[in-house]
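Novice:
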Amino acid sequence: MPGTEALAGALKDTFGAFRSGLGITEPVVSVNCEGCGAPLSGHRKEVVRCEYCDRETQL
Numbered sequence: 507m508p509g510t511e512a513l514a515g516a517l518k519d520t521f522g523a524f525r526s527g528l529g530i531t532e533p534v535v536s537v538n539c540e541g542c543g544a545p546l547s548g549h550r551k552e553v554v555r556c557e558y559c560d561r562e563t564q565l
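Structure representation (structure tokens):
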């Protein structure tokens, strides 16, 4: 659907701002992509997309 990624990004940023404002932070973790082995990092429980193979991984 057109605009879905933009909406998802805006919601993610909004929730991140609320969490930060309340002092709630998830630990940052680093793993390797199961698809291609590229390094991935982000907050725990976050779903990230590999910039090389487009595989989604929950951290």
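Per the working numbering, the sequence shown starts with residue 507, numbered consecutively. Beta carbons: idealized from backbone N, C-alpha and C, even for Gly.
On the DSSP letters alone, give me the boundaries of the alpha helix (DSSP H) that Glu562 sits inside.
Specialist: Locating residue 562 in the sequence shown gives position 56, counting from the first residue. Segment Glu562 to Gln564 is the beta strand (DSSP E) holding Glu562; no alpha helix (DSSP H) there.
Novice: Measuring CA to CA, which of Lys518, Leu517, Cys559 and Gly515 is closest to Ala544?
Specialist: As a first step, residue 544 must be located in the sequence shown, where it is residue number 38. Out of Lys518, Leu517, Cys559 and Gly515, Cys559 has the C-alpha closest to the C-alpha of Ala544.
Novice: Measure the CB-CB distance between Lys551 and Leu565 and report whether it falls below 9 Å.
Specialist: Here residue 551 refers to the residue found at position 45 of the sequence shown. Here residue 565 refers to the residue found at position 59 of the sequence shown. Contact: yes.
Novice: Using the Cα positions of Ala523 and Gly541, report the straight-line distance between them to the nearest angstrom.
Specialist: Here residue 523 refers to the residue found at position 17 when the sequence shown is read from its first residue. Here residue 541 refers to the residue found at position 35 when the sequence shown is read from its first residue. So the two alpha carbons sit approximately 31 Å from each other.
Novice: Answer yes or no: does any C-beta atom of chain D fall closer than 9 Å to that of His549?
Specialist: Absent from the structure is chain D; it holds one protein chain and no more.
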